[in-house]
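Residue numbers (full-length UniProt numbering), protein chains in the order written: chain E, 1 to 418; chain S, 1 to 154.
We put the beta carbon where it would ideally sit given N, CA and C, even for glycine.
A quick write-up on the structure given underneath.
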Ligand SMILES: Cc1ncc(COP(=O)(O)O)c(C=O)c1O
């Protein structure tokens, strides 16, 4: 078996993930390489979810009975865990949402309804990039259409990086908000946060970072990033679906208006008007995803016990190996950086003229799960003149043997359509 | 192996040597996309009274969607509209059968090469690929006959 420096003890880790033992299609061992879409969940998270429902289930923040108090403590405890995980200065800066998409829509709507100095209107500009996930494009397009603000984009270089050469023309005095992805879910690129944040701060623009593909894979320190908002999603980081996070700087959360109204987010309500609870509750209308938040707390514990630096090192070693092996496959073109530097463990590629749909189908027959299509980042496909890609994405339990299985699988694909 | 039931030789042949590909004159043109995978087709229909004179198309997509457009061209060009609609409906029925349809002789007579897609109906993610050009054809024909306003993609 291939040994690479920096790898985790995957044999031990894989025992935590029951699904990885699954056998599919009459005897093929599952090779799960679709982690950028969603990660698998360790037993530690599944047990906590089960335990919550079996022992402590109740609604939060509204009962005096023992279950209500336990449920509230577990839900708020999860907030503490997430706050520590991202090095937030205050737990009150962590807002639970249902996923990253909701987190990003929430920011866009806070700004859309805000007063000066945050107000986004027809005299202002919003900046995003060509490598965004649709979840970080469409909310800004909607905001731009509704307010008349101009939407501007950073383009991409041929090797899959952000083209910042015109940063001063793109981020200007008119820019109110700059929103960009920390790690691309299609190209794998890790973006240069500092250069963008510095320019945004110079012109007084707010910075929103989509960390959906970063939080699962590397140490995320919201203070070091110096952003104003950071969004991510629980299901890609060993947590359940239905839970996401929006971190925001406290002063902003105090100043900005709520978006969804309902129970939980109020202080008092009369027939004339209402006053709102302080953040984070101001932004959490209605019964929240309680079990899911508790599950995310368990996921954060799990990841922390392994160590985010160790996970990043493991994935870096694996990415280096995978890029090298994939480039040996005839007619394979990596869409995105072709080295492991400043890149995450998500690798998109094309294979001659064989359509990704067909590549994915033949790989699936061998038990290898990859994603095919435009990965909710269609502008990237247009930019590189391709209809779609095949994407393999790794995680803490992925192994060099799985990279080898992918490479062999691709040989099989080539023979099948050759 | 299951794969061979999807990728029948007939399908791979049509994929490698498509019939009637390329855009030619038409009475109506539609552009359909499959939003989940990015497959696209632009398709034109030319009618002569009740007869289909030509179905021309251009697009990008997987072997299933491309082969399906080729088979469509081969089957429908030269047919009367009523006959073409019967073929389209039979193909739709086959594709929606979730792999359970036992194509009989009658169905095979109607569908000819298109019967090879029976295996695709077992794969829910691929049924849309197989149907892309057929839905486009139906839409374009309705437009050519002035039945719909047109321009819509689905
Ligand atoms: C970079 C990026 N942003 C946002 C999202 C949206 O996450 P969700 O679908 O959980 O809202 C994803 C995941 O698909 C992603 O990869």
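Can you check whether the C-beta of residue i is within less than 7 angstroms of a C-beta belonging to chain S?
i: residue 374/E; result: yes
i: residue 281/E; result: no
i: residue 412/E; result: no
i: residue 388/E; result: yes
i: residue 402/E; result: no
i: residue 357/E; result: yes
i: residue 132/E; result: no
i: residue 408/E; result: no
i: residue 365/E; result: yes
Please state whether DSSP places residue i in a helix, a strand or coil.
i: residue 152/S; result: The predicted position of residue 152/S is uncertain, since its pLDDT is 42 and thus under 50; no value can be drawn from it.
i: residue 186/E; result: coil
i: residue 72/E; result: helix
i: residue 99/E; result: coil
i: residue 22/S; result: strand
i: residue 113/E; result: coil
i: residue 120/E; result: coil
i: residue 365/E; result: helix
i: residue 58/S; result: strand
i: residue 327/E; result: helix
i: residue 419/E; result: Within the shown structure, residues of chain E are numbered from 1 to 418, placing residue 419/E beyond reach of any answer.
i: residue 305/E; result: helix
i: residue 276/E; result: strand
i: residue 32/S; result: strand
i: residue 180/E; result: strand
i: residue 266/E; result: strand
i: residue 322/E; result: helix
i: residue 127/E; result: strand
i: residue 8/S; result: coil
i: residue 2/E; result: coil
i: residue 175/E; result: strand
i: residue 24/E; result: strand
Where does residue i land, buried or exposed, given buried means 16+ other C-beta within 10 angstroms?
i: residue 371/E; result: buried
i: residue 169/E; result: exposed
i: residue 19/E; result: exposed
i: residue 415/E; result: exposed
i: residue 271/E; result: exposed
i: residue 40/E; result: buried
i: residue 153/S; result: Here residue 153/S scores only 42 on pLDDT, less than 50, and its place in the model is too uncertain to base an answer on.
i: residue 96/S; result: exposed
i: residue 100/S; result: exposed
i: residue 199/E; result: buried
i: residue 71/E; result: buried
i: residue 151/S; result: Confidence at residue 151/S is low in this model, with a pLDDT of 47, below 50, so its placement is unreliable and the value that follows should be read with caution. The residue in question, residue 151/S, is exposed, as its Cβ has fewer than 16 Cβ neighbours within 10 Å.
i: residue 147/S; result: exposed
i: residue 14/S; result: buried
i: residue 327/E; result: exposed
i: residue 15/E; result: exposed
i: residue 305/E; result: exposed
i: residue 356/E; result: buried
i: residue 278/E; result: exposed
i: residue 99/E; result: buried
When the cut-off is 7 angstroms and only beta carbons count, does residue i lie next to chain E?
i: residue 169/S; result: Lying before the first or after the last residue shown, residue 169/S is absent from chain S, which here runs from 1 to 154.
i: residue 78/S; result: no
i: residue 8/S; result: no
i: residue 49/S; result: no
i: residue 3/S; result: yes
i: residue 63/S; result: yes
i: residue 38/S; result: yes
i: residue 88/S; result: no
i: residue 60/S; result: yes
i: residue 153/S; result: Per-residue confidence for residue 153/S stands at a pLDDT of 42, beneath the threshold of 50, marking its modelled position as unreliable; the derived number appears in the next sentence. Taking Cβ atoms only, chain E never reaches closer than 7 angstroms to residue 153/S, which makes this a no.
Within the chosen definition, does the stretch 213-224 of chain E reach the stretch 141-151 of chain E through at least 3 CB pairs nearer than 8 angstroms? no
Inter-stretch contact (C-beta, 8 angstroms, three-pair minimum) for the stretch 240-249 of chain E and the stretch 60-77 of chain E: no
At 3 residues or longer, what runs of the beta strand (DSSP E) sit wholly inside the stretch 199-255 of chain E? 206-210, 229-233, 244-248
Tell me whether the stretch 331-344 of chain E and the stretch 186-203 of chain E touch, counting them as touching only if at least three CB pairs, one residue from each stretch, are closer than 8 angstroms. yes
Assess contact between the stretch 107-114 of chain S and the stretch 59-75 of chain S, defined as three or more Cβ pairs (one per stretch) separated by less than 8 angstroms. Is contact present? yes
Every unbroken alpha helix (DSSP H) within the stretch 30-66 of chain E, with a cutoff of 4 residues, ordered by chain: The qualifying runs are 43-51.
Flag this pair as touching only if the stretch 392-409 of chain E and the stretch 317-336 of chain E have three or more C-beta atom pairs under 8 angstroms; answer yes or no. yes
Complete alpha helix (DSSP H) runs within the stretch 42-113 of chain S (minimum length 4 residues, chain order): 63-76, 81-95, 105-111
For the structure I just gave you, are there three or more beta carbon pairs, one from the stretch 208-218 of chain E and one from the stretch 73-80 of chain E, closer than 8 angstroms? At 8 angstroms Cβ cutoff, the stretches do not touch.
The stretch 29-38 of chain E touching the stretch 399-418 of chain E, judged by at least three CB pairs closer than 8 angstroms: yes
Are there three or more Cβ pairs, one per stretch, closer than 8 angstroms when the stretch 284-302 of chain E is compared with the stretch 102-121 of chain E? no
Are at least three pairs of beta-carbons, each pair with one atom in the stretch 279-289 of chain E and one in the stretch 362-378 of chain E, less than 8 angstroms apart? Three or more Cβ pairs closer than 8 angstroms define a contact, and the stretch 279-289 of chain E falls short of that threshold against the stretch 362-378 of chain E.
Looking at C-beta atoms only, is the number of pairs between the stretch 342-350 of chain E and the stretch 51-71 of chain S that lie closer than 8 angstroms three or more? The stretch 342-350 of chain E and the stretch 51-71 of chain S do not touch, with fewer than 3 CB-CB distances between them shorter than 8 angstroms.
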